[in-house]
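Q: Note that the working numbering numbers the sequence shown so that position 227 is 1128, with each residue one more than the last.
Where a beta carbon is used, it is the ideal one built from N, C-alpha and C, also for glycine.
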Amino acid sequence: QAVGSALGRAIRRRVDKTPLRAIDRLFGAAITLVGAALVVSMLAFGFGSLGVPVVSQAIGSSTVVSTIERVTPDPVKALEAKVRSLFALDGLPRLFEAIGTGTALPVPESGATAAQQASARSVVKITGNAYQCGQNQSGSGFVSSSGRVVTNAHVVAGVTQPVVLTPSGSTYTGRVVYFNAVQDLAVIAVTGLPTAPLPLGADLTTGATAVFDGYPLGGPFLSSPAAVQNVATINSPDIYGANPSPREVYYLAADVQEGNSGGPLIDAAGSVTGVIFARSATTSHLGFAMTTQELAPVVAQAQGLSSAVSSGTCTRG
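Given below as structure tokens:
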């Protein structure tokens, strides 16, 4: 150990007397800068996703933070999301096998079409605080018409001021103008939202492939593959686990995660054909999305909705 220490001191003295000293300091400064940037990124990600409008908007308008966010690798953002998911919830329902087949087909290989890739620009992250339950909630949604975002009701349940974050990094405070706990659908009105809306497409049939877009674990945007393994009408409970009612749903071979709730199911043409709302309680890679049967009427009236409505009570995670 003494020999090693002596050798180390000798090398350090030699480095200090040569041009290597400048290189050594440069690398040290670079490492410090990278470390500081990662800390800023993690703090900004955490505070910006807390669902507090004034905080989210301040962080979203920061040039420094936005620059760091652009250069932060997606794996790092995904790690941040996993950490945050320990504290933030989206209330993603788990449906039991009483309503399903209990078997999931293999998830298809990824390979989005150009139209599906373009649809990502209209998929937003939604966060908010449900003070009744003392929790932060996070989910996904899509722009259905000018200034209107469709999501799941359980994403905004108990939230009075949902925060909408666009793929470009802009943040907006919205208001819930439609809330239906039975359908598990909600509409958020967002003043000044410049994002283009996505069109509705035809319902998919068994065997069809698609992608579902969203922000799993409240992290960076992710477009994931899915295959329709069945389309059926089930008796599904409301977001509070009561009052079951008939609902037409897709059974999807898909890796649905917390945070995907409210995200759109996108066909090859880039049109919305459903909304993710649940995953199986017992079978891996089995997710559920509602078809356009209930979605289409809500989208049709969304543009004309402007008055804030009650967002119900939150569901404790």
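Work out the CA separation of residue 1178 and residue 1188 for me, nearest whole Å.
A: Going from the Cα of residue 1188 to the Cα of residue 1178 covers about 8 Å.
Q: Taking residue 1010 as the reference, which of 1097, 1069, 1124 has the closest Cα?
A: Cα-wise, what sits closest to residue 1010 is 1124.
Q: Closest to residue 1006 by C-alpha separation, out of 1154, 1216, 1202, 1211, would be which residue?
A: Closest by alpha carbon: 1154.
Q: Is residue 1173 close to chain B? Criterion is C-beta to C-beta, closer than 9 Å.
A: Within the model displayed, chain B is absent; a lone protein chain is all it includes.
Q: If we count the other Cβ atoms within 10 Å of its Cβ and call it buried at 16 or more, is residue 886 buried or exposed?
A: Residue 886 is absent from the structure shown; the chain starts at 902 and stops at 1218.
Q: Smallest Cα separation from residue 1137: which of 1108, 1082, 1100, 1214?
A: Nearest C-alpha to residue 1137: 1082.
Q: Can you tell which of 1085, 1072, 1067 has its C-alpha closest to the C-alpha of residue 1057?
A: Comparing Cα-Cα distances from residue 1057 to each of 1085, 1072, 1067, the minimum goes to 1085.
Q: Please classify residue 1190: does DSSP put it in a helix, a strand, or coil?
A: Residue 1190: strand per DSSP, three-state reduction.
Q: From residue 1207 to residue 1048, what does the alpha carbon distance come to, in whole angstroms?
A: Whole-angstrom Cα-Cα distance: 10 Å.
Q: With distances taken between CB atoms, is the gap from residue 1025 to residue 1067 smaller than 9 Å?
A: Yes; because the gap between Cβ atoms is below 9 Å, this pair is in contact.
Q: What is the DSSP secondary structure of residue 1049, counted as helix, strand or coil?
A: If DSSP states are grouped into helix, strand and coil, residue 1049 belongs with the strands.
Q: Taking Cβ positions, are residue 1176 and residue 1053 nearer each other than 9 Å?
A: Going by C-beta atoms, residue 1176 is nearer than 9 Å to residue 1053.
Q: Just to confirm the assignment, what range does the beta strand (DSSP E) spanning residue 1130 have?
A: First-last of the beta strand (DSSP E) with residue 1130: 1123 to 1137.
Q: Hey, would you say residue 1060 sits closer than 9 Å to residue 1078, going by beta carbons?
A: No, Cβ-Cβ distance for residue 1060 and residue 1078 is not below 9 Å.
Q: Using only CA atoms, which one of 1141, 1140, 1142, 1149 lies nearest to residue 1132?
A: Checked all of 1141, 1140, 1142, 1149; the closest Cα to residue 1132 is 1149.
Q: Taking the Cβ atom as the reference point for each residue, do residue 1088 and residue 1051 lie within a distance shorter than 9 Å?
A: Yes; because the gap between Cβ atoms is below 9 Å, this pair is in contact.
Q: Going by DSSP in three states, residue 1117 sits in which element: helix, strand or coil?
A: Residue 1117 falls in the helix class under three-state DSSP.
Q: Alpha helix (DSSP H) containing residue 1025: first to last residue?
A: That residue, residue 1025, is in no alpha helix (DSSP H); its beta strand (DSSP E) goes 1024 to 1031.
Q: Residue 1074 bridges to which residues according to DSSP?
A: Paired residue(s): 1064.
Q: Quick one: is residue 1180 buried, meaning 16 or more other Cβ sit within 10 Å of its Cβ, or exposed?
A: That one is buried.
Q: Compute the Euclidean distance between the alpha carbons of residue 1034 and residue 1171, then round it to the nearest angstrom.
A: One C-alpha to the other measures close to 37 Å.
Q: Rounded to whole angstroms, what's the CA-CA distance from residue 1030 to residue 1071? Just pull it up for me.
A: One C-alpha to the other measures close to 19 Å.
Q: Just to confirm my understanding: we take residue 1197, look at its own chain, exclude 5 residues before and 5 after, and list those with CB closer than 7 Å. What are they?
A: Within the same chain, residue 1197 has close Cβ partners 1101.
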